Ligand SMILES: Cc1cc2nc3c(=O)[nH]c(=O)nc-3n(C[C@H](O)[C@H](O)[C@H](O)COP(=O)(O)O)c2cc1C
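Numbering (this note's numbering), first residue to last: 2 to 210.
Here it is as structure tokens:
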């Protein structure tokens with residue numbers, strides 16, 4: 002099949018778009034508001050974009066309940082900091098709790114029964130139960146185009162520089178991060194997810210090793 006993405010005339014019962022950009026890593030974003038209240042929420046429009054310095058982004062789609070945009074964006078912009086925590090198979094249920102739309106100022110980390118651990122270089126706490134956390138300094142926000150007639154689907158991309166990295170020593174084996182040991186969870190379309198279980202290696206054809 003082919004369909005015009007601008008018309009969204011796919012004829013399917015549900016929009017397939019998010020099933021076609023998969024698997025998406027989940028940035029589990031912890032922030033604090035100007036009063037110091039903790040916020041935690043998952044974002045699968047999340048990725049790394051460069052290495053020197055390491056930069057990441059997470060993207061907001063859609064309007065929100067009690068605030069002009071989602072709390073993670075508001076806090077990152079207001080305080081200049083955020084932390085990206087890794088969602089693992091063990092933490093998937095807790096992650097799902099933290100997507101709940103709650104009033105501004107409600108601490109989803111506590112709501113999900115998770116433990117805040119102090120960060121080193123930024124103020125928002127990281128999730129202690131998560132084996133990987135990236136401490137980030139907010140860089141800038143890009144406002145994305147919005148379909149005419151869909152002002153409810155405002156979209157922003159929030160970029161940050163990774164300044165501090167936590168790795169649980171238990172997932173480092175022979176000097177390498179053993180991804181299969183912590184089983185990252187990724188988002189698919191609809192309400193579907195996947196877990197990284199199988200890892201294999203493939204070198205570039207011009208790799209001299
Ligand atoms: C796995 C998962 C991935 C999500 N990814 C996004 C995303 O990329 N962008 C977005 O705007 N909302 C996303 N959401 C929804 C937000 O988590 C939800 O709107 C949340 O309440 C936002 O919280 P905040 O206002 O505290 O930032 C996702 C939800 C789940 C469960």
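Heads up, the beta-carbon is just placed ideally off N, CA and C, and yes, glycines get one too.
These numbers were taken from a predicted model, which means no experiment stands behind them.
Any non-hydrogen atom of ligand 1 closer than 6 angstroms to residue 40 Cβ: Relative to ligand 1, the beta carbon of residue 40 is positioned inside 6 angstroms of a heavy atom.
Contact check, residue 158 vs residue 135, beta carbons under 7 angstroms: no
Residue 154: CB within 6 angstroms of a non-hydrogen atom of ligand 1: no
Segment contact, 8 angstroms Cβ cut-off, at least three pairs: the region 38–57 with the region 71–80: yes
Among 19, 99, 38, the one whose alpha carbon lies nearest that of residue 124: Measuring from the Cα of residue 124, the nearest candidate turns out to be 38.
Span separating the alpha-carbon of residue 220 from that of residue 110: An answer regarding residue 220 cannot be provided, because it is not within the stretch 2 to 210 covered by the chain.
Cutoff 7 angstroms; reference residue 122; Cβ partners in own chain excluding five residues on either side: 136, 164, 165
Stretch pair the region 47–55 + the region 141–155: three plus CB contacts closer than 8 angstroms: no
Sequence-distant residues of its chain with Cβ nearer than 6 angstroms to residue 28 (five each side left out): 44, 47, 59, 85
Element boundaries [beta strand (DSSP E), containing residue 78]: Here residue 78 belongs to no beta strand (DSSP E); instead the alpha helix (DSSP H) covers 72–80.
Residue interval of the alpha helix (DSSP H) (run including residue 53): Note, residue 53: premise wrong, no alpha helix (DSSP H); not H, not E.
Whole-angstrom distance between residue 16 and residue 9, CA atom to CA atom: 8 angstroms
Given residue 156 as reference, the closest of 12, 115, 62, 197 once Cα atoms are compared: 62
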